[in-house]
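The sequence shown begins at 0 in numbering that gives the first Met the number 0 and counts up one residue at a time.
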Amino acid sequence: MEGNIVNKGEITKQTFKLRGMTCVNCAHTIEKGIGKLEGVKLASVNFATEKLTAEFDQSVLSQDDIIAKVKDLGYSASIEEEARRRAEKEEAFRSQRNWFIFSATLSIPILIQMYKPFAEPVGIYVMFAFGTIVQFTAGLTFYRGSYHSLKNFSANMDVLVALGTSAAYLYSVLSAFNLFGISGHVFFETSALLITFIRFGKYLEARAKGKASEALQKLLELQADKARILIDGEEREIAASDVKVGDIMVIRPGEKIPVDGEVVEGESSVDESMVTGESMPVQKQPGDEVTGATINKSGALKAKATKVGEDTMLAQIVKMVEEAQTDKAPIQRLADTISNYFVPAVVAISIICFLLWYFVFSPNEFIRAFTFAVAVLVIACPCALGLATPTAIMVGSGIGLRNGILIKRASVLENISKLDAIILDKTGTITEGRFQVTDIVLLGAIDEKQLLKLAATAESASNHPLAQAIVQKAKSEGVSPEPVSDYSEREGYGITCTVDGKVLRVGNNKLMNRANTDISSVQEAVNALTSEGKTTMYVSLNEALIGLIAQADIVKANSRNAIAKFKELGLKTFMITGDNRRVAESVGNQVGVDDIQAEVLPEEKVRVVKEYQDQQLMVGMVGDGINDAPALAQADIGIAIGAGTDVAKEAGEIVLVKNDLMDVERAIRLGKQTLRKVKQNLFWALFYNSAGIPIAAGVLSHWGVFLKPEYAGLAMALSSVSVVTNSLLLKRFEKKL
């Protein structure tokens with residue numbers, strides 16, 4: 000979503016698509032260059048996703064200024080539509096493939112000349128001709144990159160490749176034509192094959208990076224292309240992108256819902272697995288919300304468009320995932336620091352290697368010293384280090400996305416694995432967030448349906464959650480309310496009305512006492528229900544008590560199991576709620592949390608989170624309401640329930656689409672596995688270079704173990720591919736979620 004801008008007062012946050020980077024040091028160059036601009040508050044470049052995220056003051060500079068600066072640094076940046084961006088990404092992939100084929104084709108005659116030489120001087124001319132073409136066509140990109148890198152006082156992979164190939168090529172030209180007294184061995188095959196192998200590595204890297212981000216790609220492909228809307232009573236087909244808020248969409252069975260909306264006519268089941276991960280279709284009827292890109296399964300629907308473009312749920316999901324993949328995890332700072340010093344260090348090692356071999360170990364053997372020096376230059380590319388973290392983050396966030404766990408920042412996947420404690424809001428998080436009838440106590444000659452009918456008759460005109468729970472219970476039992484007269488609802492008491500000439504009352508003990516109804520005989524039963532955290536309502540006809548109806552915000556099916564899993568992971572569990580202590584303790588005891596904080600005001604939830612953080616605990620907070628948003632923001636990791644308010648979801652760093660607490664445990668395990676992959680990648684990238692440089696420098700040559708420069712180039716290219724491939728192995732963990 001490159002065109003998306005987020006404004007925070009004068010500060011604008013924007014993502015730019017980058018082109019022209021060849022290694023992680025290119026990313027550092029852009030990051031440093033943009034960061035120095037006046038008005039820029041933050042500049043972050045992700046090499047794997049090829050994106051620049053900048054926060055800047057619009058009153059000081061514009062996005063065009065940033066694009067111009069990127070161009071001055073030797074690269075390009077743009078803000079483009081998603082479809083065009085994907086097309087350019089595919090074009091870049093094809094370009095890498097074609098350059099590899101081109102350079103490989105021209106290198107073949109050079110290889111033939113090496114093993115089956117042509118008659119002199121034809122063989123030399125053939126090698127010179129094909130080597131020159133490869134050097135200054137397929138290899139030209141490395142010269143461009145080196146120029147811009149050195150111009151900005153930094154060094155990247157292009158510098159290493161340009162130095163190595165240029166040294167081999169120029170020495171070969173001088174030797175081939177006996178210039179300046181130099182004659183003997185030529186290295187045309189070294190420079191040509193080196194460029195070919197690096198091009199091959201770039202092709203494989205582009206292919207692997209594409210696979211790492213395929214979850215987001217597949218999500219984008221889910222969007223509907225067309226929409227059918229009603230205009231003056233007639234159906235008209237338009238592009239889905241042209242749908243406006245308020246348009247009435249007609250969705251036939253089997254069709255994708257174009258944008259988010261509200262059903263106004265018809266009933267159907269909708270496949271929402273794209274959003275929730277649940278395979279069971281969801282029944283929809285007038286008044287229900289539908290989500291763009293989900294599939295209408297059975298009946299025809301008419302729905303009013305409520306969110307279009309970047310406001311739709313799909314667009315927001317894409318935005319969150321892209322931001323997560325662009326963000327940097329803390330562990331990446333290690334790789335960034337190493338890469339900043341790596342290239343200059345390698346150039347120094349290469350020079351020292353040449354001097355030691357030429358003057359100490361094999362005096363005056365120029366070819367030997369020269370070969371080792373070039374091999375050192377080309378094997379040491381830090382690309383694998385740069386790819387180690389972002390590729391694992393891309394795969395990890397993709398796995399989360401497919402399983403209904405939206406991860407908004409890369410750092411979350413690392414930090415969630417370090418949590419010490421989980422704080423859980425009660426209502427809507429541990430519990431369903433809505434009251435349900437749990438107990439019906441009959442008093443006198445009345446059956447359950449009769450009592451429900453009377454209670455629903457009194458409550459049907461009320462909007463109170465307790466009243467609506469009774470009405471829903473009656474509806475589920477096939478009971479319909481009757482007409483009433485003399486209706487009166489008093490806040491804090493209950494409802495009084497007249498049915499068939501009798502006074503019907505449904506409410507609390509204050510309402511019963513006001514009507515002089517004796518409730519002493521049921522006090523023991525009421526106390527027992529209350530001790531279980533249930534709210535009890537009295538039902539009386541005239542002045543006689545005829546029954547009790549108890550309700551509770553029931554615990555979600557998976558809450559107890561999820562909290563048990565948290566404890567298995569070594570986490571402390573706390574529940575926080577504004578409810579009274581008796582209700583809180585009832586729910587807390589049911590699910591088995593370690594500690595309970597009850598009767599906590601919304602503004603006090605932040606204080607509670609800070610108290611636990613002051614105990615040196617890394618705290619995760621799970622909530623769903625507006626009153627949870629400050630605490631979600633204060634916590635080290637804020638986890639928002641997907642069915643909650645938009646404010647809570649904005650404050651949270653993880654959004655649980657399926658509203659299932661078990662997904663918190665899954666997110667923690669996913670974070671641990673992702674961090675493990677990052678550490679593996681960093682270890683192997685460092686090990687690869689640490690082991691490769693000495694071998695390339697000829698340390699083992701005494702035992703016949705050494706690397707030709709062209710094979711060092713292939714090894715360098717494959718190191719990046721191996722890191723990306725290791726990240727892709729994270730997908731195997733998805734089956735265990």
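Just so you know, even glycine gets a beta-carbon here, dropped at the ideal spot from N, CA and C. Since this is a predicted model, take the numbers as computed values, not measurements.
Item: Drop a sphere of 10 angstroms on the beta-carbon of Val-263, count the other beta-carbons inside from all chains shown, and report buried for 16 or more, exposed for fewer.; Value: exposed
Item: So Ile-640 packs on Leu-568, CB below 8 Å; how close in whole Å?; Value: Actually they are not in contact, since the Cβ atoms of Ile-640 and Leu-568 sit about 20 Å apart, beyond 8 Å.
Item: Within 10 Å of its beta-carbon, does Asp-63 have 16 or more other beta-carbons around it, so buried, or fewer, so exposed?; Value: exposed
Item: Please list the segments of the alpha helix (DSSP H) lying wholly inside the region 270–311, counting only runs of 4 or more residues, in order along the chain.; Value: 272–275
Item: If you follow the alpha helix (DSSP H) that Gly-34 is in, where does it begin and where does it stop?; Value: 23–34
Item: Could you tell me the alpha carbon to alpha carbon distance between Phe-732 and Ala-223, rounded to whole angstroms?; Value: 31 Å
Item: In the DSSP assignment, find the alpha helix (DSSP H) that holds Asp-64 and state where it starts and stops.; Value: 62–71
Item: Classify Asp-71: buried if its beta carbon has 16 or more other beta carbons within 10 angstroms, exposed otherwise.; Value: exposed
Item: Around the C-beta of Tyr-124, are 16 or more other C-beta atoms found within 10 angstroms, so that it is buried, or is it exposed?; Value: exposed
Item: With H, G and I counted as helix, E and B as strand and the rest as coil, what does DSSP make of Val-346?; Value: helix
Item: Can Val-521 and Leu-442 be called in contact, C-beta distance under 8 Å?; Value: yes
Item: Quick check: what's the CA-CA separation for Val-738 versus Phe-55?; Value: In the structure as shown, the chain begins at 0 and stops at 736. Residue 738 is therefore absent and cannot be evaluated.
Item: So, are the CB atoms of Tyr-202 and Gln-134 less than 8 Å apart?; Value: no
Item: Using the DSSP secondary-structure output, state which residues sit across from Leu-655 in a beta bridge.; Value: Ile-404 and Ile-640
Item: Please report the straight-line C-alpha distance between Leu-41 and Asn-151, rounded to a whole angstrom.; Value: 19 Å
Item: Could you tell me if the beta carbon of Ser-145 falls within a distance shorter than 7 Å of some heavy atom in the ligand HEM?; Value: Ligands displayed in this structure: none; no statement on the ligand HEM is therefore possible.
Item: Which same chain residues, not among the five before or five after Leu-450, have their C-beta less than 8 Å away from its C-beta?; Value: Ile-439, Leu-441, Val-538, Ile-545, Gly-546 and Ile-548
Item: Where Lys-735 and Leu-400 are concerned, what is the direct C-alpha to C-alpha distance, given to the nearest angstrom?; Value: 15 Å
Item: Given that a residue counts as buried once 16 or more other Cβ atoms are within 10 Å of its Cβ, and exposed if not, what is Glu-490?; Value: exposed
Item: By DSSP, does Ile-256 sit in helix, in strand, or in coil?; Value: coil
Item: Mind checking Leu-706: buried by the 16 CB within 10 Å criterion, or exposed?; Value: buried
Item: Check this for me: beta carbons of Leu-51 and Leu-36, under 8 Å apart or not?; Value: no
Item: Within 10 angstroms of the Cβ of Leu-729, are there 16 or more other Cβ atoms? Answer buried if so, exposed if not.; Value: buried
Item: For a quick check, are the C-beta atoms of Glu-652 and Arg-251 less than 8 Å apart?; Value: no
Item: Name, in chain order, the residues that DSSP records as bridge partners for Val-249.; Value: Lys-301
Item: So what does DSSP say about Leu-105, is it helix, strand or coil?; Value: helix
Item: In whole angstroms, what is the alpha-carbon distance linking Ala-175 and Val-185?; Value: 6 Å
Item: Could you tell me whether the region 416–431 touches the region 571–583, where touching means 3 or more Cβ pairs closer than 8 Å?; Value: yes
Item: Taking C-alpha atoms, which residue in Gly-130, Asp-310 and Lys-255 lies nearest to Val-172?; Value: Gly-130
Item: Flag this pair as yes or no: are the beta carbons of Ala-302 and Glu-236 separated by less than 8 Å?; Value: no
Item: Using the rule of at least 16 other Cβ atoms within 10 Å of the residue's Cβ for burial, across every protein chain shown, is Gln-284 buried or exposed?; Value: exposed
Item: Measure the alpha-carbon distance for Pro-482 versus Gln-614 and round it to whole angstroms.; Value: 59 Å
Item: Roughly how many whole angstroms lie between the Cα atoms of Asp-578 and Leu-528?; Value: 16 Å
Item: Alpha carbon to alpha carbon, how far is Pro-693 from Val-656? Give it in angstroms, no decimals.; Value: 50 Å
Item: Could you tell me whether the region 670–680 touches the region 409–416, where touching means 3 or more Cβ pairs closer than 8 Å?; Value: yes
Item: With distances taken Cα to Cα, identify the nearest neighbour of Lys-16 among Glu-271, Ile-10, Gly-32 and Ile-65.; Value: Ile-65
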